[in-house]
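**Q**
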Amino acid sequence: MNLTDPVCGMALKDDSLDHLEHNGNTYYFCSKKCLTKFKANPKQYLGDTPETSLEANSAATVEYTCPMHPEIRQAGPGTCPKCGMTLEPVQPLLTEERNPELEDFRRRFWWTLPLTIIVTLLAMSGGFFDQWLGGKRQWIEFVLSTPVALWSGWPFYHRGLLSVINRSPNMWTLIGLGTATAYVYSVVAILFPGLFPESFLVKGHVEVYFEAAAVIISLTLLGQILELKARSETGAAIKALLGLAPKTARRISENGEEQDVPLTHVHAGDRLRVRPGEKIPVDGVVLEGQSAVDESMLTGEPMPVSKKEGDSVIGATLNTSGALIIQAEKVGSATVLSQIVQMVAQAQRSKAPLQRLADIVAGYFVLVVIGIAILTFLGWGLWGPEPSWAFGFINAVAVLIIACPCALGLATPMSVMVATGRGASQGILFKDAAAIEHLRKVDTLIVDKTGTLTEGKPAFDSVIGALGYTEEEVLRLAASLDLGSEHPLAHALVAEAKTKKLALTEPETFESASGIGVRGRVEGHELVLGNTALMEEAGIAWQPLQEQAEKLRARGASVMYLGVGQQLAGVLAVADPIKPSTPEAIATLRQQAVNIIMATGDGETTAKSVGEQLGIDEIHGEVRPQDKERLVAKLQSQQHKVAMAGDGINDAPALARADVGIAMGTGTDVAMSTAQLTLVKGDLRGIAVARQLSVNTVRNMHQNLTFAFLYNALGVPIAAGLLYPFTGMLLSPLIAALAMSLSSVSVVFNALRLRHVNINV
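Numbering (numbering that gives the first Met the number 0), first residue to last: 0 to 760.
#1: Is it right to say V207 is buried, meaning 16 or more other beta carbons lie within 10 angstroms of its own, or is it exposed?
#2: Tell me which residues share the same chain as S745 and place their Cβ nearer than 6 Å to its Cβ, disregarding the 5 neighbours each side in the sequence.
#3: For the alpha helix (DSSP H) containing F141, list its first residue and its last residue.
#4: In its own chain, which residues sit with a C-beta less than 6 Å from the C-beta of A653, not counting the 5 before and 5 after it?
#5: Could you tell me if A690 is buried or exposed, where buried requires 16 or more neighbouring beta carbons within 10 angstroms of its beta carbon?
#6: At what residues does the alpha helix (DSSP H) containing R589 begin and finish?
#7: Taking the straight line between their C-alpha atoms, what separation do you get for A606 and G519?
#8: Would you kindly report the start and end of the unbroken alpha helix (DSSP H) that includes Y723?
#9: In this structure, what does DSSP give as the bridge partners for Q566?
#10: Tell me F459's beta-bridge partners as DSSP assigns them.
#11: To the nearest whole angstrom, what separates the beta carbons of Q565 and I539, a pair I think is in contact under 8 Å?
#12: Helix, strand or coil, according to DSSP, for Q258 in the structure here?
#13: Using a 10 Å radius around the Cβ and a threshold of 16 neighbouring Cβ atoms, would you call R158 buried or exposed?
#14: Under a Cβ-count criterion, where at least 16 other Cβ atoms within 10 Å of its own Cβ denotes burial, should T35 be classed as buried or exposed?
#15: Measure the alpha-carbon distance for V265 versus K32 and round it to whole angstroms.
#16: What did DSSP end up calling T247 once you bin it into helix, strand or coil?
#17: Indicate, with yes or no, if the ligand SAH has a heavy atom lying under 7 Å from the CB of L220.
#18: Contact between the region 463-476 and the region 543-552: three or more CB pairs below 8 Å?
#19: Straight-line CA distance for L86 to Y63?
#20: Can you check which of these residues, P76, L114, I117, V118, is closest to N98 by C-alpha distance?
#21: Does the region 575-593 come within contact of the region 493-503, defined as at least 3 CB pairs closer than 8 Å?
#22: Is A58 helix, strand or coil by DSSP?
#23: Taking the Cβ atom as the reference point for each residue, do T451 and D282 lie within a distance shorter than 8 Å?
#24: Compare the Cα-Cα distances from Y723 to each of G378, K456, A651 and report the closest residue.
#25: Cβ atoms of Q591 and A798: under 8 Å apart, would you say?
#26: Using a Cβ-Cβ cutoff of less than 6 Å, which residues in the same chain neighbour S813 once the five nearest sequence positions on both sides are dropped?
#27: Excluding the 5 residues flanking L317 on each side, which residues of the same chain have their C-beta closer than 6 Å to its C-beta?
#28: Quick one: grab the DSSP three-state call for E206.
#29: Roughly how far, in whole angstroms, is the beta-carbon of N703 from the beta-carbon of N757, given that I think they are within contact range, below 8 Å?
#30: Would you identify the three-state DSSP class for V368, choosing helix, strand or coil?
#31: In whole angstroms, what separates the C-alpha of E210 from that of Q638?
#32: Output the distance between the C-alpha atoms of G175 and F429, rounded to the nearest integer angstrom.
#33: Distance check for M700 and G422, CA to CA, integer angstroms please.
#34: What alpha helix (DSSP H) runs, 4 residues minimum, are completely inside the region 449-525?
#35: Are the beta-carbon atoms of R481 and A572 separated by less than 8 Å?
#36: Specify, as a first and last residue, the run of the beta strand (DSSP E) that T677 falls within.
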């Protein structure tokens, strides 16, 4: 008989256990606790309600939002009622999901790109192909551009229409209006050329602008594809956090049997076994066993923490050595990891995109352009020379064509594209345009210690020999004993001994001393290596080197005493060294009027030691992930522009909350995916360089926007016929299209100047 407990998922061997009849079915349980839980809410365990855990629920129960209008929220996927954009999950799902909008845009782009290229070549040929095409060039352009304009451009028309219906004009309004006008104008020109005066005839026909509509649509599709790919990575940090949690846990039943069960089936009060090398599944307390737990992925502390009976453990941390039996206390959304996930998600959603300013400006700009086009049509139709309405229509079309938002759409993306490439060449990776915009305004920098100011891993610091022992002999004996240990501190001693080419001997016996050190026999001598508690337990007087040990601790080092037999042999220190580039980086940032604050999970003594060496005045030690996030929020409430630099998962909430999050490329993937800026080399000097690049890039963006609006400011009145009463000159749509192209070219060339701007600090 194959039975399964519906509450915990445990496989049951027989039907002699607790059972219950429900809706005509018999359910069996491994314990009375599971039976009680099932009675309280059967639907929860029969698949009628969604599970609550770090794992994502079904798409129908996930909350979705619009990337352009974050106030739009709904359960399940769909499209934004304001702009028509595809909604995305508020909190990314752990499982990979296909992006239908990205797939749709890719399909439209690649299927019609050849048509756009052919139409553009025909239009730019200057009639070169007319002798072979028998005067049918414009009809061929019409046939080839129609799929591009009507099928590929349909999403833009739809979004533009929604923006009008919802009274929220934006870039989509301009793109839809510009491309539709260029296409419709050209269709009218080819089907009804008699509507146009002779002054608009070129070689016996009216010029068409099918290539303008096709190129604008193809370029916009390409831009959207790149944007969607970048936007899909915004949830990478949360997915990485979710992936930290193990998928299963080894639960111990009341009768002592053990079974691996899904993490979603673990409940508060359950006993769990955590073997060496396994991740701790949930937050809890140690019932039995002793071990060193690596909590660096959550706390940032590089040294594993000793755990024994009664100590608390955190879910997703790594059990490195001994076996533990823990009791689950917090599961699902109550764990520390879940809280960090929620903080990162909330902080990411609070960010405002750089394009917001352009959207606001575009909202007014499109209204002005439409108003001018309508006035142009009416003015010429009512008071212009014959054929007045034809003149009105042509001039209104010219207004809309010259106001096409190509340059406006390229103004910021081109600058961002060049700036990010330039930054990448110097080891500075910007994640989004908002980081470039905000970094130049930063006046306060919060830095983590471990892995940011320091190397982030234990390294040998120094050794002091007691009476009768040389430093080399103390290091050799300690490293020989540590050959049997997997502790990172032991690795640091062994690595130093091997660097000095000391002759190490395999220990004859080895024993871990309950988190206070290690014991063993080396070359016939009984050795103990650990803290003062171990020395007192072994009856060894450690006080002769107490003063030297305290000085080492004051420098931020971890101190270990070595005893040989009943005699003190020496003191060894292992520390997390400061990066060689850190002092210079701190000095440079201070010259840029940036206030520097250190916030670390390390103890106050170690934090102050490092801070004093670097001259950092404001120091916060023993801070938790939520404390760092609160510190950022507090400074922001005081009107400071805050950057946060860190390398650990514990820094993720603060990195996401800061105006600019800066991750070390030598740190964790979660920190890098959460931050907006990554320093590939892990060198803080890159922040000063990035700030200068930010200043130059934003200045370049403003120049581009000025170019874009300058052409429109000059071209729109001329296209409307403002100069006609004085010069008798009208702006042909051909000239309007040329001016539109010129503005785009100006933007592109101006943005390319960033490649040669000196940003070295």
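Yeah, the Cβ is synthetic: ideal placement off N, Cα and C, and Gly gets one too.
**A** For this structure:
#1: Buried: at least 16 other Cβ atoms inside 10 Å.
#2: For S745, where only same-chain residues beyond five positions count, the Cβ hits under 6 Å are F706.
#3: In this chain, the alpha helix (DSSP H) harbouring F141 covers 136-145.
#4: Hits under 6 Å: K627, E628, V631, M643.
#5: At residue 690 the sequence reads Arg, which differs from the Ala that was named. In this structure R690 is buried. Its beta-carbon is surrounded by 16 or more other beta-carbon atoms within 10 angstroms.
#6: Here the alpha helix (DSSP H) through R589 covers 581-590.
#7: Their backbone Cα atoms lie some 33 Å apart in a straight line.
#8: Looking at the DSSP string, the run of the alpha helix (DSSP H) that includes Y723 is 723-726.
#9: According to DSSP, which records beta bridges pairwise, Q566 is partnered with V563.
#10: V573.
#11: Indeed, because the Cβ distance is near 6 Å, the residues count as touching under 8 Å.
#12: Here DSSP, grouped into helix, strand and coil, assigns Q258 to strand.
#13: Around the beta carbon of R158, 16 or more other beta carbons sit within 10 angstroms, so the residue counts as buried.
#14: So T35 ends up on the exposed side.
#15: The C-alpha of V265 lies about 12 Å from the C-alpha of K32.
#16: Of the three classes helix, strand and coil, the one that applies to T247 here is strand, per DSSP.
#17: This structure simply doesn't include the ligand SAH, nor any ligand for that matter.
#18: The region 543-552 and the region 463-476 touch, with three or more beta-carbon pairs separated by less than 8 Å.
#19: C-alpha separation (whole angstroms): 6 Å.
#20: That would be P76, whose Cα lies nearest to the Cα of N98.
#21: Under the 8 Å Cβ criterion, the region 575-593 does not count as touching the region 493-503, having fewer than three qualifying pairs.
#22: Only weak support exists for where A58 lies, its pLDDT of 40 falling under 50; the value from the coordinates is given anyway. DSSP places A58 in helix when its eight states are reduced to three.
#23: For T451 and D282, no; Cβs fall outside 8 Å.
#24: The candidate whose alpha carbon is nearest that of Y723 is G378.
#25: It is not possible to answer for residue 798, since the shown part of the chain is limited to 0 through 760.
#26: The chain is shown from 0 up to 760; residue 813 falls before or after that span and cannot be answered.
#27: Contacts found: K278, D293.
#28: E206 falls in the coil class under three-state DSSP.
#29: Separation of the CB atoms of N703 and N757 is rounded to 20 Å, and the pair is thereby denied contact status at 8 Å.
#30: Looking at V368 - three-state DSSP - the assignment turns out to be helix.
#31: Rounded to the nearest angstrom, the two C-alpha atoms are 49 Å apart.
#32: If I take the Cα positions, the gap works out to 30 Å.
#33: Using only the alpha carbons, I get a separation of about 16 Å.
#34: Look at the region 449-525 and you find these whole runs of alpha helix (DSSP H), each 4 residues long or longer: 470-480, 487-498.
#35: A small fix is needed here, since residue 481 is Asp in this sequence, not Arg. Against a cut-off of 8 Å, the Cβ pair of A572 and D481 comes out as no contact.
#36: Note, T677: beta strand (DSSP E), 676-678.
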